[in-house]
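Residue numbers (full-length UniProt numbering): 1 to 447.
Heads up, the beta-carbon is just placed ideally off N, CA and C, and yes, glycines get one too.
Right, one structure below, let's go through it.
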Amino acid sequence: MTTADLKNLFQTKLKETPDHDFHPMDLERAKDEKYLRRVMKHTDNDPKLAADMLWDICTWRKSSGANDINESNIRMDYVSDGAFFPHGRDVDGCILLIVKSKKHIKGTKDFEEIKRIIIYWFDRIEREEDGSKITLFFDLDGCGLNNMDMELTNYLISLFKSYYPNFLNYIIIYQMPWILSAAFKVIKSLLPAKGVEKMKFVNKDTLKTFVAPEQALVCWGGKDNYEFEFVPENRSSEHTPKKVTFAEQGDNHSPGEMLRLNPSSLIVFKSENDEVSGQFSITNMDEGAVSFKIRTTSPEKFRVRPSSGTLAKGATQTIIIVVQPGFQLRNEMKDMFLVMSVQTPKTDLTPKEINEIWSNSTGSQVDEYRLKCQFPVKDLPKNGNLETKHDKPDSVANALNNLQMNYEILHRQVDKLKLYQLFTFILTAISVVLGYLIYQNSNNNER
Numbered sequence: 001m002t003t004a005d006l007k008n009l010f011q012t013k014l015k016e017t018p019d020h021d022f023h024p025m026d027l028e029r030a031k032d033e034k035y036l037r038r039v040m041k042h043t044d045n046d047p048k049l050a051a052d053m054l055w056d057i058c059t060w061r062k063s064s065g066a067n068d069i070n071e072s073n074i075r076m077d078y079v080s081d082g083a084f085f086p087h088g089r090d091v092d093g094c095i096l097l098i099v100k101s102k103k104h105i106k107g108t109k110d111f112e113e114i115k116r117i118i119i120y121w122f123d124r125i126e127r128e129e130d131g132s133k134i135t136l137f138f139d140l141d142g143c144g145l146n147n148m149d150m151e152l153t154n155y156l157i158s159l160f161k162s163y164y165p166n167f168l169n170y171i172i173i174y175q176m177p178w179i180l181s182a183a184f185k186v187i188k189s190l191l192p193a194k195g196v197e198k199m200k201f202v203n204k205d206t207l208k209t210f211v212a213p214e215q216a217l218v219c220w221g222g223k224d225n226y227e228f229e230f231v232p233e234n235r236s237s238e239h240t241p242k243k244v245t246f247a248e249q250g251d252n253h254s255p256g257e258m259l260r261l262n263p264s265s266l267i268v269f270k271s272e273n274d275e276v277s278g279q280f281s282i283t284n285m286d287e288g289a290v291s292f293k294i295r296t297t298s299p300e301k302f303r304v305r306p307s308s309g310t311l312a313k314g315a316t317q318t319i320i321i322v323v324q325p326g327f328q329l330r331n332e333m334k335d336m337f338l339v340m341s342v343q344t345p346k347t348d349l350t351p352k353e354i355n356e357i358w359s360n361s362t363g364s365q366v367d368e369y370r371l372k373c374q375f376p377v378k379d380l381p382k383n384g385n386l387e388t389k390h391d392k393p394d395s396v397a398n399a400l401n402n403l404q405m406n407y408e409i410l411h412r413q414v415d416k417l418k419l420y421q422l423f424t425f426i427l428t429a430i431s432v433v434l435g436y437l438i439y440q441n442s443n444n445n446e447r
C-alpha cells in the first residue's frame with residue numbers, strides 16, 4: 001500500500017459521509033505524506049486498518065475538541081503543578097514526556113481537565129518535534145497506592161494505541177515501588193509483544209541505558225538540574241512544522257569540542273525486518289568546517305554509512321550502522337565506535353586534500369569521541385508499535401479497573417483492621433482495669 005492508496009480510501013469514506021464535519025486542520029493532516037506513512041506503519045501497512053484509523057482519529061479529535069485546546073482554555077494551575085511535562089531526550093534522541101506520579105493523586109482533580117492537558121502536551125510535542133516519536137517516562141520514585149491511577153494509565157495507552165500513530169518510542173518505568181509491581185505486571189502481561197518490548201523498568205543505576213546522564217534530571221542521578229517551569233508555546237510556525245535537529249536539543253556539548261553527538265555515549269541497536277541497525281547524529285559545533293572519520297573495533301561486523309565526510313558550521317549528519325548478517329550479537333560492550341574530527345579550511349575539498357590534512361594533524365588537533373553499543377537481547381517484532389493489537393480491545397481497561405477496585409477494597413479492609421485493633425486494645429485495657437479492681441475488692445473483703 002502507498003500513501004496515494006490510503007488517501008483514496010480516506011477520500012472515499014469522506015464522500016460516503018459528507019456530513020462528517022471534521023476539522024479543516026485534521027483534513028489537511030490526512031493529506032500529509034509523512035503523517036500518512038506514520039499511520040501505515042502503525043497499522044502494519046494494512047489498507048483497511050489504516051483508513052479506519054485515519055477516520056477514527058478525525059472523529060476523536062472532533063469529539064474531544066483537540067484542535068481548540070490551548071493554554072487559554074486548560075487548567076493552568078494543574079499544568080503548573082508539574083505532574084506532566086516534556087524535558088530531556090532518550091538515547092535515540094526522542095523527547096521525554098515525564099509523568100511525575102508522586103504529584104498526581106487519583107480523585108483529587110477533575111479527570112476531564114487532566115485529559116485535556118495530556119492532549120495539549122501530545123499535540124504540542126507533535127508540532128514541535130514534527131511527528132517524531134516520544135518516550136513516556138513514569139517517575140515513580142516515592143509513590144504509593146494513592147498515586148496509582150489506573151484510569152489515567154489506560155487513557156495514556158489508548159492515546160498511543162488509537163490516536164497518535166507511530167508516536168511511542170519507549171515506556172520507561174523509573175524506580176517502581178514494590179507495592180505497585182502487581183499493577184505494572186498486569187499492564188505488561190496484557191500488552192502486545194510490540195508494547196512489551198517498549199516497556200523498560202529502570203533504576204538509578206540502569207537509567208543510563210536509555211537516558212544519558214547529561215539528559216537525566218539530578219533527582220534521577222543525572223546531571224540536568226532543570227526544574228519545571230511552564231513556557232508558552234510559540235505557535236508562529238504552526239502551519240510550517242519545524243524539523244528539530246540535535247543542535248536544538250539538550251546541551252550535551254562541552255565548550256571547545258568540535259562535534260556534538262546524539263546519543264552521546266551509547267548506540268542502541270534495534271531489530272527490524274530481519275536487519276539489526278543503529279544510528280547516531282553528529283553536529284559541527286566549531287566555528288568553521290570540520291572533517292570526520294568513524295572507526296570501529298569490529299570493521300568486519302558493521303557497515304557504516306557514511307564512514308567519513310565534511311561538515312559545514314552547524315551542519316548535522318546522521319550515521320547509519322547496519323550489522324552484517326551472520327554475526328553473533330552480545331552485550332559485552334566489546335564493540336565500540338570511535339568518531340574523530342579535525343578542522344578544515346572549507347568543505348569542498350578533494351579526497352587527496354582531506355588525506356593530507358589528516359596526515360599532518362597531531363593528536364592535539366584531533367577530537368575523539370567513543371560510543372559503546374547495545375544490541376537487542378532477542379529479535380524484535382518487525383514493527384515496534386505498541387498500538388496495533390486489535391483482539392481483546394477492552395482487556396487492558398477491564399484488568400486495570402479490576403485491579404484499582406481490588407486496591408480500594410484492600411484499603412477499606414486495612415482501615416477496618418485498624419479499627420478492630422483499636423477496639424481490641426480498648427477492651428483489653430478495660431479488662432485489665434476491671435480485673436485489677438475485682439482483685440482489690442476481694443482483698444478488702446478478706447480483711
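Tell me the residue span of the alpha helix (DSSP H) that contains residue i.
i, result
"N8", "T3 to E16"
"L349", "Premise fails: L349 is in no alpha helix (DSSP H) and is neither H nor E."
"I74", "Element bounds for I74: n/a, residue is neither H nor E."
"M336", "Where M336 is concerned, there is no enclosing alpha helix (DSSP H), although the beta strand (DSSP E) it sits in stretches over M336 to Q343."
"D52", "P47 to S64"
"residue 495", "The requested residue 495 is not part of the displayed model; the chain covers only 1 to 447."
"E33", "E33 to H42"
Please report the straight-line C-alpha distance between residue i and residue j, rounded to a whole angstrom.
i, j, result
"L371", "K204", "21 Å"
"I117", "I69", "8 Å"
"E165", "L417", "What sits at residue 165 in the sequence shown is Pro, not Glu. So the two alpha carbons sit approximately 47 Å from each other."
"L168", "S359", "45 Å"
"M25", "N67", "8 Å"
"T428", "S64", "59 Å"
"V244", "K270", "Only weak support is given to the placement of V244: the predicted model assigns it a pLDDT of 35, under 50, and the value that follows is read from those uncertain coordinates. The alpha-carbon atoms of V244 and K270 are separated by roughly 22 Å."
"S281", "Q317", "6 Å"
"N147", "I179", "11 Å"
"C143", "I119", "24 Å"
"I267", "S162", "30 Å"
"L145", "A83", "16 Å"
"D110", "A212", "35 Å"
"S189", "T43", "21 Å"
"V202", "T283", "29 Å"
"I74", "Q413", "38 Å"
"A30", "M53", "11 Å"
"T296", "E113", "51 Å"
"I294", "S308", "6 Å"
"I57", "T108", "30 Å"
"V339", "N154", "43 Å"
"D32", "G131", "11 Å"
"L434", "Q440", "10 Å"
"E16", "K34", "25 Å"
"P47", "L27", "18 Å"
"S265", "I319", "14 Å"
With distances taken from CA atoms, which of the options is nearest residue i?
i, options, result
"S277", "R305, G144 and D56", "R305"
"F22", "S271, T108, S298 and W60", "W60"
"V290", "I267, D123, E353 and L27", "E353"
"I125", "L419, T153, D46 and V231", "V231"
"K223", "E233, R38, K208 and S72", "K208"
"G288", "W220, T344, H104 and R75", "T344"
"E128", "C219, E233 and A193", "E233"
"P376", "F423, V323 and E214", "V323"
"M258", "E272, I320 and G314", "G314"
"N273", "A183, K41 and T347", "K41"
"F337", "T362, N445, Y369 and I426", "Y369"
"L261", "P177, D367 and F184", "D367"
"L152", "I187, D123, G309 and E33", "I187"
"A182", "L159, F160 and M150", "M150"
"T347", "Q365, K334, T310 and N444", "T310"
"K115", "K102, I134, I157 and S361", "I157"
"K194", "I321, Y420 and F160", "F160"
Would you grab the beta carbon distance between residue i and residue j for me? Rounded to a whole angstrom, and I think it's under 8 Å.
i, j, result
"K106", "D139", "The pair is not a contact, with the Cβ atoms about 16 Å apart (cut-off 8 Å)."
"F292", "S341", "5 Å"
"H87", "Y226", "6 Å"
"L36", "L14", "Not a contact, Cβ separation roughly 15 Å."
"R89", "I95", "6 Å"
"L217", "I171", "Incorrect: roughly 18 Å between the Cβ atoms, too far for contact."
"Y174", "W220", "7 Å"
"W55", "F85", "Incorrect: roughly 32 Å between the Cβ atoms, too far for contact."
So residue i is in the beta strand (DSSP E); what residue range does that whole segment cover?
i, result
"E287", "First-last for E287: undefined, no H or E at that position."
"V304", "F302 to R305"
"S308", "S308 to L311"
"V268", "L266 to V268"
"N273", "First-last for N273: undefined, no H or E at that position."
| query | Unbroken alpha helix (DSSP H) runs of length 4 or more, entirely within the UniProt domain "CRAL-TRIO" (77 to 225): which are they? | reply | 111 to 128, 150 to 158, 181 to 190 and 193 to 198
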